[in-house]
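The structure appears below as structure tokens.
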Amino acid sequence: MPIYMDRHDVSESVTAENVAQLHQEDLKIQDQFDCRGLTYWFDNKRKTAFCLIEAPNAQAIQKMHNQAHGQVPHRVIEVDASIVESFLGRIEDPDKSQNTALNIINDPAFRTIMVIAFKRLSLLLNDSVSFKFSVHKYTDAVLNLLKIYEGQPVKQSETHFLISFKSVSNAVNAALDIQSLLKKFSNEVNNNKIIVKIGLSSGVPVTEKKLIFEDTIKLAERMCKIIKSKIIASSEIKELYNNENLNPLIQAENMFFLTQTDEKFLTLLMDYTESNWSNTNLKVDDFSKPVGYSKSQLYRKIILLTGKSLNTFIKDYRLNEAFALLNKNSGNVSEIAYLTGFSSPSYFSKCFQKKYGHLPSDYLPGKIG
-17 MPIYMDRHDV
-7 SESVTAENVA
3 QLHQEDLKIQ
13 DQFDCRGLTY
23 WFDNKRKTAF
33 CLIEAPNAQA
43 IQKMHNQAHG
53 QVPHRVIEVD
63 ASIVESFLGR
73 IEDPDKSQNT
83 ALNIINDPAF
93 RTIMVIAFKR
103 LSLLLNDSVS
113 FKFSVHKYTD
123 AVLNLLKIYE
133 GQPVKQSETH
143 FLISFKSVSN
153 AVNAALDIQS
163 LLKKFSNEVN
173 NNKIIVKIGL
183 SSGVPVTEKK
193 LIFEDTIKLA
203 ERMCKIIKSK
213 IIASSEIKEL
223 YNNENLNPLI
233 QAENMFFLTQ
243 TDEKFLTLLM
253 DYTESNWSNT
263 NLKVDDFSKP
273 VGYSKSQLYR
283 KIILLTGKSL
293 NTFIKDYRLN
303 EAFALLNKNS
313 GNVSEIAYLT
323 GFSSPSYFSK
333 CFQKKYGHLP
343 SDYLPGKIG
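All residue numbers for the sequence shown refer to our numbering, where the first residue is -17 and numbers rise by one.
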């Protein structure tokens, strides 16, 4: 049977004990709706509760809550139990902390999400061997550091880490140590064909999106993809860290903090870019209206965040997509050029060689690894 997570936004007067009582009311009648309440999370600070329930469908959960106590959820999404456990650390009630009839749970589901992105700058066979060797060393070192900072790996691949932290401070300190360690390793293996970026964002598991932590993960991934610094953190990360620590975070050469305005701009920019980047007729002037900026404002903001003009940003975005297609052997040079929005294969090859130091034809099957 499917498993769902729902979200309840509760009033200021609601306590952890109140939520525990409501949960018990659910358990009393859950069999009538073919549901099974697994556990829940309550955040007294943010006044949110999240229930994890096995049910035939989302409507059954709504009906159960409504009959039990009338506190229907604001949102319900289907989830994978193993993914929930990776993000939140459990899928059942924690042990009672006190000798009481109620198991009162005051355990927030709010998490800091870290994305570590490894970007290859070459697909050539020799460089690929070096990349895999370096990433293997990186991975072992990163996993050891995550244990120290209580980071929980959620997903891991050759080019991507997704990690969940309960503590904002642990996440920030882990990011700084990981970046220092990776810099040291890069120098040791003399590998300048890998870029490692870390994005930090924070949020709750259920929003208006369909997937767990979708908004939070997307922001962290987008920060890694286009912001110029090695470590990028959301405005909320900075605020929470500074509230927890005597020594506030400051803007550093290898760390950049977005403002709320930056985050809104980044979201609008990437929403539009991801929908239109492959359109050969896409122009710089097309971006102003979707992001709500004048041409001059747009130029200044894109330079601040990416270090590039908008024209260069579009071109680099397309080249990155072309690089990924070449890595998947998804067509010949001409096909990939047109798929990625370039007006001609020759111009595509010229731009590609300037960015990566090799012609795209050098990466055709048999030459890459």
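For each residue, glycine too, the CB sits at the ideal point set by N, CA and C.
All values derive from a computational prediction rather than experimental measurement.
In this structure, the alpha-carbon of LEU251 lies about 45 Å from that of GLN6. Distances from the CA of GLN138 to each of TYR120, VAL154, ILE130, ASN155 were compared; the closest alpha carbon is that of TYR120. The C-alpha of THR189 lies about 9 Å from the C-alpha of ASP(-12). In the DSSP assignment, CYS17 falls outside any alpha helix (DSSP H), carrying neither H nor E. For GLN335 and ASN309, the gap between their C-alpha atoms comes out near 16 Å.
In the structure shown, GLU(-1) falls within a helical segment according to DSSP collapsed to helix, strand and coil. For VAL(-8), there is no enclosing alpha helix (DSSP H), as DSSP marks it with neither H nor E.
Here GLU67 carries a helix assignment [DSSP, helix/strand/coil].
Fully contained in the segment 144 to 222 are the following beta strand (DSSP E) runs of length 3 or more, in chain order: 176 to 185, 213 to 215. By the Cβ-count criterion, ASP13 is exposed, with fewer than 16 other Cβ atoms from all chains shown falling within 10 Å of its own Cβ. The residues GLN161, SER211, LYS212, ILE213, in chain order, have a CB closer than 8 Å to that of ASN236 in the same chain once the five nearest residues on each side in sequence are set aside. Contact between the segment 10 to 25 and the segment -15 to 2 is present, with at least three C-beta pairs closer than 8 Å. The C-beta separation of LEU34 from VAL1 comes to about 14 Å, leaving the pair out of contact by the 8 Å criterion. Counted as a single uninterrupted DSSP element, the alpha helix (DSSP H) harbouring LEU321 occupies residues 315 to 321. Annotation for PHE238: no alpha helix (DSSP H) segment contains it, though the beta strand (DSSP E) segment containing it runs 237 to 239.
Runs of alpha helix (DSSP H) with 4 or more residues, each lying fully within the segment 271 to 325, are found at 277 to 288, 292 to 309, 315 to 321, listed in chain order.
Take LYS10, set aside five residues on each side of it, and the residues of its chain with a beta-carbon closer than 8 Å to its own are ALA50, in chain order. If only complete runs of 4 or more residues are kept, the segment 28 to 66 shows the alpha helix (DSSP H) at 40 to 50, in order along the chain. Boundaries cannot be given for PHE269, as no beta strand (DSSP E) includes it and DSSP labels it neither H nor E. Look at PHE92 here: in three-state DSSP terms it is coil, with no helix or strand label. Following the DSSP letters along the chain, one finds SER328 inside the alpha helix (DSSP H) bounded by residues 327 to 338. Cβ neighbours of VAL150 within its own chain (closer than 7 Å, five residues either side excluded): THR94, SER184, ILE219, LEU222, TYR223, GLU226. Per DSSP, the beta bridge partners of GLN134 are SER146. The beta carbons of PHE92 and VAL186 sit closer together than 9 Å. Taking the Cβ atoms as the reference, SER146 lies roughly 6 Å from VAL136, within the contact range of under 8 Å. By a beta-carbon distance limit of 8 Å, LEU240 contacts LEU248. Their separation comes to about 7 Å. For LEU321, there are no CB contacts under 6 Å within the same chain when 5 residues up- and downstream are skipped. If you compare the alpha carbons of ASN314, GLY52, ILE86, THR198 with that of VAL97, the shortest gap goes to THR198.
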